[in-house]
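Visitor:
There are 2 protein chains.
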Amino acid sequence: MNVVTIERKVLEKNDAVAAQNRQTFQEHGIAVLNLVSSPGSGKTSLLERTLEHLNSTLRVAVIEGDVQTDLDAQRVARFSVPAVQIVTRGGCHLEANLVREALQNLELAGLQLLFIENVGNLVCPSNYDLGEAAKVVVVSTTEGDDKPLKYPAMFRNAAIMVINKIDLLPYVDSSADTLSENALRINPALRIFRTSCRTGEGIAQWCDWLRAQVPGR
Amino acid sequence: MNVVTIERKVLEKNDAVAAQNRQTFQEHGIAVLNLVSSPGSGKTSLLERTLEHLNSTLRVAVIEGDVQTDLDAQRVARFSVPAVQIVTRGGCHLEANLVREALQNLELAGLQLLFIENVGNLVCPSNYDLGEAAKVVVVSTTEGDDKPLKYPAMFRNAAIMVINKIDLLPYVDSSADTLSENALRINPALRIFRTSCRTGEGIAQWCDWLRAQVPGR
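Chains A and B supply the protein sequences, listed in that same order.
Per my numbering, the first sequence starts with residue 61, numbered consecutively.
Per my numbering, the second sequence starts with residue 61, numbered consecutively.
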């Protein structure tokens, strides 16, 4: 029981800081998306293709969350956007206070879009509000089409699902349609995109939607 | 600090129960492997191909751990092996006491090999000893070859790595050699297998190794 009580306190404290973050984002008119997924679903590749496609038409920044290494921040920084790496040193998810600290390293004035790439983990990050406008769950076609049923909290708490690596569909036994159906069973309001970071398919539609999220545009 | 102290107590308690489990397994001469990975790396498919290949030449049982659903236990049970499903209801990893409870539903006498398929999560299960002889980390080629660097604890605590979905290597940008090198940088003692559950490549070598793990054979 002790552990459950402590966990509730941790979540309450997190929610309070997340509310502060959200207010900060709203004051600056920044659209903030929290990217969540299994390890290796292609969150960073999606960011790379997104930054390439947006091609500096929006002022974008990225906060990278990883258990270890700053490999992802390095990849993203190549696109000349401000990138801050949070290393959790074993921690399985980002929390709102880590994001709040990371914000001190970003110039918020004039920023329009902020991506927070969470630790690759389809379980723990689902409980933690970071102050984002929405969670975007990225699922690759190679993970199988049953993931929404097996990890329902993440799909319930996300507003958007990106089905990534659709170029690999001919070579795997899973179906993007079944994946979508399973996800909509868990969360009928989920908005769904299909992308391939290798071929570029679907990136334009995803970026059109991103542009529409920026306040005042 | 409170949370860290509680976590240490949870881990100590877990280790004590894991030691009991280990003693139980040793008394019955059962080789026990704890399969860990990202969601969708193919742990259950690997079990299916393994059970098919072993073709009842060993007495095998499976404990399935999932956040939700008994889909995996159903898949495994088709191969006429005893299968027990643990549903963690949101919990991000298996703990030794859950395995201990699951054991009450298995006939241990005569059992030779027990697979415990953990929750799909490359972070949290690394800290939890279940009483297994070894952790087997399964990584699919589609997850990218940087995973050992980004999630080092899991690769440090595993004794075996199975690189799965090698049939997809021609279609992805990651290299099995680089993945192996990165993993061996984290854990030079790691034993590595390469498998494809679609083509069956590597399954025989993996099963030969499994047979050699059974005590007294």
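From the three backbone atoms N, C-alpha and C, an ideal C-beta is built for every residue, glycine too.
Where are the alpha helix (DSSP H) runs, 4 residues long or more, that stay fully inside the region 117 to 180 of chain B, in chain order?
Guide: 131 to 137, 156 to 163
Visitor: Quick check on residue 93(A): does DSSP put it in helix, strand or coil?
Guide: strand
Visitor: Just the chain A side, please: which residues come within less than 8 Å of residue 249(B) by C-beta, in chain order?
Guide: Simply none; closest approach about 20 Å.
Visitor: So the candidates are 241(B), 192(B), 191(B), 186(B); which of them puts its Cα closest to the Cα of residue 97(B)?
Guide: 186(B)
Visitor: With DSSP collapsed to three states, give me the class of residue 240(A).
Guide: DSSP, read as helix, strand or coil, puts residue 240(A) in helix.
Visitor: Report, in whole angstroms, the separation of the C-beta atoms of residue 224(A) and residue 198(A), which I expect to be a contact under 8 Å.
Guide: 5 Å
Visitor: Decide if residue 91(A) is buried, meaning its Cβ has at least 16 other Cβ atoms within 10 Å, or exposed.
Guide: Residue 91(A) counts as buried, since no fewer than 16 other beta carbons sit within 10 angstroms of its beta carbon.
Visitor: Give me the subset of the region 109 to 129 of chain A whose CB atoms are less than 8 Å from a CB atom of chain B, sorted by chain position.
Guide: Result list: 126, 127, 128, 129.
Visitor: Identify whether residue 107(A) lies in helix, strand or coil by the three-state DSSP scheme.
Guide: DSSP places residue 107(A) in helix when its eight states are reduced to three.
Visitor: Answer yes or no: the CB of residue 235(A) versus the heavy atoms of the ligand ZN, is any distance below 7 Å?
Guide: No copy of the ligand ZN appears in this structure; indeed no ligand is present at all.
Visitor: Among the residues of its own chain, which have a CB less than 6 Å from the CB of residue 235(A), if the five just before and after it don't count?
Guide: 205
Visitor: What residue from 146(B), 174(B), 84(B) has the CA that sits closest to residue 107(B)'s CA?
Guide: 174(B)
Visitor: Secondary structure at residue 210(B), three-state DSSP: helix, strand or coil?
Guide: Reduced to three states, the DSSP call for residue 210(B) is helix.
Visitor: Using a cut-off of 9 Å between C-beta atoms, extract the partners of residue 98(A) located in chain C.
Guide: The structure shown has no chain C; the protein chains it does contain are A and B.
Visitor: Since residue 143(B) contacts residue 133(B) with CB under 8 Å, what's their CB separation in whole angstroms?
Guide: 4 Å
Visitor: Assuming residue 130(B) contacts residue 148(B) under a Cβ cut-off of 8 Å, what Cβ separation, rounded to an integer in Å, is found between them?
Guide: Cβ-Cβ separation between residue 130(B) and residue 148(B): approximately 12 Å, too far for a contact (criterion under 8 Å).
Visitor: Measure from the alpha carbon of residue 86(B) to the alpha carbon of each residue in 243(B), 228(B), 169(B), then state which is nearest.
Guide: 169(B)
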